[in-house]
Amino acid sequence: MNIFEKAIYDLTADILKTEYKYDVKNSLELSSLIEYPPSPDLGDYALPCFSFSKTLHLSPDVIASELESKLQKHLLNKSPFTNIKARGPYLNFTVSSSSFAEEILPDIFNGNYFKRPSNIKRERVMIEFSQPNTHKGFHVGHLRNVALGDSLCRIFLYNGYDVIGANYIGDIGSHIAKCLWYLKKHNTQDPPENHRGEWLGEMYTNAVSKLEASNGQEKINFKAELSQLLREIDEKDHEIYQDWETTREWSMEDFREIYEWLDVKFDHFFYESEVDEEGRKIVIEGEKNGIFKKSEGAIGVDLDEEGLGFFMLLKSDGNTLYSTKDLALARKKFDKFEVERSIYVVGSEQTLHFKQVFATLKRMGYKQAEKCFHLPYALVVLPEGKMSSRQGNVILFSQLRKEIVESIQSIHLAEHRKNWSSKELEETSQKIAVAAIKYGMLNQDSNKNIVFSMDEWLVSEGDTGTYLVYAYVRIRSIGRKIPLKVSPDVDYSLLSHPNEKKLLRQMLDFNKTVFNAAELFRPSLLARMLYEFSKDFSRTYNTCSVMHAETEKLKASRLLLFHCVAETLQQGLNLLGISPPERM
RNA sequence: GCGGGUGUAGCUCAACUGGAUAGAGCAUCAGACUUCGGAUCUGAGGGCUGAGGGUUCGAAUCCUUCCACCCGCGCCA
C-alpha cells in the first residue's frame, strides 16, 4: 500500500466507522478493494462501493455519492487529492501529479526505491531451470525455459529472497547411449572443430532413425547393444566411459558459450550422473523398508491414495529412470543446500510426473515436499507442430542467434559501421538480440504455446524487446545532449502533462509489479508493464520536449523525470535478463 | 476412457484474478514532425470473448453440459 492508497483508506475507514457504524475490520479489506479507474480522466484511484451495500442497506451509487460529499472538506489543506468524485457506484480519487512526482522521483534519483524490497529477508529458494540434455542440440524451446528461469531468479532476488539458481544437466540416460552407440558403430564423419555439442545432436537424431528403421533380429540386437553400452558407462571402467566423458564435455562447452552470450548465470550445476547411483540406493532401500514395492520386475510406488496411480522408480533391468534421479536430487537440495522452497521450471507435459515426485517425497517423510513447486510452461512449437530432437525438426538456438544478429547489423547498425569500433558493433547487436529474444519469450503468459516463425522474431517494431531498448537509448540520448546536470532540486508541480503523470504513476507501481511477478511466477507481468511504460515514454517524448521546453525550470524538471524513467526501465529490463545498450 | 491445458479483432496476444465503454502489436487505410534518434507518434475501421444453460447488483473471468485443438496417463526425459 503506497501513501495515496493509505490516505484513501484512512479517510474512508474513518467516515464509514463514525457516520455509518460500519466497522472496517482490517486494512486489507479496503486496500484490496482499491483499484484503478479505466481512464485517467476519471481519477487515479477508485473505491468500488458494492461491498458496503448489503450491511448499510443502501445502494452502492448512494453510498458513493454520500461519501463524495462527506469527503469534500479533505480536499483542502495539504491533501494529495485534487478531486474526489462519485461516478455511479465508484468513488474516484484524483492525485495531483506534483504529489506523485514528490513521492517517487527523489527516491529513484538517489537509488533507494530499488533497494527497498530487498531489505526484507525472505526464505531460501532454489530455482532449477534450463536442464538441457547433453548430446542433443540446444533449440529455441530450451530458450523459453532459460529466459523464464533466469528472470525469476532475478525477480526473486530483487524481492529479498535468498536465491540459488540451479541447472540440472541431463548427461546420462538412454538418449546418450543411443548417441554414443551410433557414434561408435555407424558414424563415418569426423567431428567438427566448433559446436561439437550440436553435432552430437545430429548423431543422436541419426541414431533414432537408424533404430526406428530396424526390425526383427536386428532390432533385438540393437537393443541389447544399447543396454550393454548403458551398463558399461555405469561401470566406469570401459573405454566407452572415456568417450562419454569427452563427448559430454563437448556439449558442456556449447552450453557454457550459450549461457554466456545470453548473460545467464547459475549458482550451481547438478548432473544426472552424480545422483544416478544415489537414486538407485534410495529406491532399493525404500523397497526393503516397504515404502516402495516390486511390480513386474521393476520397483515403484503405489500412489492410488493420492489419485496419482503407480509411479515407476527403477527399471526391471536395474537401470535408473528420470524419477529415480529426481528423488536423489531433491534429497540433495534439502540436505546439502538447506533449501526451504524448491521451484522446478519444467515443461507442462511433466505435470503428472512432478505431482508423483512430490507425493513420493512426502511418503519418504520430507516435510519440504510441501514447498516443492513445479512451474509448468507451454511449448515453443513450429507452425507444422511440435519440435522434436528425436526427429531433428528443430530450430536450433544457434540458427536464431545468427539470423537475428545479422538482421540487426545489416538493417540497423549499418549506419554506424564507419564510426563505431567493431567491438561496440558486436556488443550492441548482441544486447539488442538478447533483448529481442528474451522479451519475446517472456511477454507471453507461460501457459500458452509460442508458435515460432523466424520472420516474426526478426521484427523490430511494435511490441518487441527492440522497442523497449530503443526507448531506453533515446532517453539516454537526451541526457547526453542537454548540458544540464540532473538534480532532484526542481519544481515538481511543472510535470503536469497527462503523459508525464502516467509515467510517474507507472514508476510508483513498479515495485508492486515486480512483487506480483515473483509471487505469481509471472515475469510476463513485468514485461507488459515495461512495454506500456516505454510506450508512455515515447508518447511523452513527442509531447513534452526537454530541449524545447518553454522555461529553464521546466527543462530541469523534465530532465529529472526522464532520467528516472531511464533508471526504472533499466532496472526492469535487468530483471528480465536484458541489459540495454547506451546507444544503437 | 480418465486427468490437465487452451479457445478473445483477419493474425499474435492482454484484460490488475468478479467490476466502469473487452485493450495492445502486426496487417489494412488515413495522417504528423524542416525530428531532444522515424527501430517514433496520432487517428480510423475491425468483437455475440467456441456454443448453450446457471450463480448475482455485475461474468471473458465462477459452476454446469457440450464442441474443437494440444499434452499426460508403468519400464523415454
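Residue numbers are given in this note's numbering: position 380 of the first sequence equals residue 438, and the series is strictly consecutive.
Cβ atoms here follow ideal geometry from the backbone N, Cα and C, with glycine treated the same way.
Owing to the predicted nature of the structure, the values given are computational and were not obtained by experimental measurement.
Exercise. Within 10 angstroms of its Cβ, does PRO250 collect 16 or more other Cβ (buried), or is it exposed?
Worked result: exposed
For this session: Please go through the same chain and pick out, in chain order, the residues whose beta-carbon is closer than 7 Å to the beta-carbon of LYS383, but skip the five residues on each side of it.
Result: GLU330, VAL333, ASP334, GLY337
Problem set entry | Rounded straight-line distance, which links the Cα of ILE349 to that of GLY421 | Here the sequence assigns Arg to residue 421, which means Gly is not the residue at that position. Their backbone Cα atoms lie some 7 Å apart in a straight line.
Problem set entry | First through last residue of the beta strand (DSSP E) which encompasses ASN225 | 220-227
Problem set entry | Run of the alpha helix (DSSP H) containing LEU526, from where it starts to where it stops | 523-539
Exercise. Should GLY223 go down as buried or exposed, given a rule of 16 or more other Cβ atoms within 10 Å for buried?
Worked result: buried
For this session: Jot down the residue ranges of each uninterrupted alpha helix (DSSP H) in the stretch 151-192, minimum 4 residues, whole runs only, in chain order.
Result: 155-167
Exercise. Between PHE324 and the rest of its own chain, which residues show a CB-CB distance below 7 Å, the 5 nearest in sequence each way excluded?
Worked result: GLY223, ALA224, ASN225
Exercise. Who are the near neighbours of SER117 in its chain, counting only those whose CB is closer than 7 Å to its CB and skipping five residues on each side?
Worked result: SER111
Problem set entry | Contact check, TYR103 vs LEU88, beta carbons under 8 Å | no
For this session: Could you check how far apart the C-beta atoms of PHE119 and PRO96 are, in whole angstroms? I think they sit under 8 Å.
Result: A quick correction: the sequence has Asp, not Phe, at residue 119. Contact flag wrong, Cβ pair sits at about 18 Å.
For this session: Measure the Cβ-Cβ separation of ASP248 and THR192 and say whether it is below 8 Å.
Result: no
Problem set entry | Identity of the residue in LEU288, LYS425, GLU398, LEU454 nearest VAL313 by Cα | Note on identity: in this sequence residue 313 is Phe, with Val being the wrong assignment. When only C-alpha atoms are compared, the closest one is LEU454.
Problem set entry | Reduced DSSP category for THR295 - H, G, I as helix; E, B as strand; rest coil | The identity of residue 295 in the sequence shown is Asp, whereas the question assumes Thr. Coil.
Exercise. On the three-state DSSP scale, how would you describe ALA104?
Worked result: strand
Exercise. Just the Cα atoms here: how many angstroms apart are TYR219 and GLY630?
Worked result: 17 Å
Exercise. Between which two residues does the alpha helix (DSSP H) carrying ARG563 extend?
Worked result: 556-577
Problem set entry | Backbone CA spacing between ALA614 and LYS570 [nearest angstrom] | 28 Å
For this session: Tell me whether VAL266 sits in a helix, a strand or coil according to DSSP, three-state version.
Result: helix
Exercise. With 16 as the cutoff for other CB atoms within 10 Å, does MET642 come out buried or exposed?
Worked result: buried
For this session: Would you be able to state if there are at least three C-beta pairs under 8 Å between the stretch 257-270 and the stretch 202-216?
Result: no
Exercise. Going by alpha carbons, who is nearest to LEU114 out of ARG145, GLU126, TYR80?
Worked result: TYR80
For this session: Note down the Cα distance separating HIS233 from GLN488, rounded to an integer number of angstroms.
Result: 33 Å
Exercise. What are the start and end residues of the alpha helix (DSSP H) that includes ASP208?
Worked result: 198-216
Problem set entry | Opening and closing residue of the beta strand (DSSP E) in which THR140 lies | 139-145
For this session: Note down the Cα distance separating THR70 from TYR380, rounded to an integer number of angstroms.
Result: 57 Å
Exercise. Terminal residues of the continuous beta strand (DSSP E) containing MET370?
Worked result: 368-372
Exercise. Which partner residues of ARG399 appear in the DSSP bridge assignment?
Worked result: VAL183
Problem set entry | Given LYS391 as reference, the closest of CYS430, ASN574, PHE368, SER353 once Cα atoms are compared | CYS430
For this session: Note down the Cα distance separating LYS236 from ASP292, rounded to an integer number of angstroms.
Result: 15 Å
Exercise. Can you find at least 3 beta carbon pairs, one from the stretch 584-599 and one from the stretch 621-636, that sit closer than 8 Å?
Worked result: yes
Problem set entry | Top-ranked residue by Cα proximity to GLU407, from GLY259, ALA436, LEU516, ALA427 | ALA436
Exercise. In this structure, does DSSP put VAL463 in helix, strand or coil?
Worked result: helix
Exercise. Helix, strand or coil for SER518 per DSSP?
Worked result: coil
Problem set entry | Length of the line joining the Cα atoms of ARG475 and LEU238 | 45 Å
For this session: Evaluate ARG580 with the Cβ neighbour count: other Cβ atoms within 10 Å of its Cβ, from every protein chain shown; 16 or more gives buried, anything less gives exposed.
Result: buried
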